[in-house]
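What follows is a set of notes on a single structure, which appears directly below.
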């Protein structure tokens, strides 16, 4: 879907980085894909921008675990 493309755009807009790590071999540890996101820290926020609790953005966040693999 569009989720990863939108995420990438937001991260790029904020001069951040996204890295992907995948493993499909159980001998090498847990299988699956991990996304690592790094954003630069702004120690001096711009005036007029209020801080928002991240929980306000994600009302119905869901973690998907043990998702069946597609054939």
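Residue numbers (the numbering used here): 12 to 82.
Quick reminder that beta carbons are idealized off the backbone N, C-alpha and C, glycines included.
In this text, all values refer to a predicted model and were calculated from it rather than measured experimentally.
Take residue 47, set aside five residues on each side of it, and the residues of its chain with a beta-carbon closer than 6 Å to its own are 30, in chain order. If only complete runs of 4 or more residues are kept, the stretch 12-47 shows the alpha helix (DSSP H) at 14-24, in order along the chain. One alpha carbon belongs to residue 22, the other to residue 14, and they sit about 12 Å apart.
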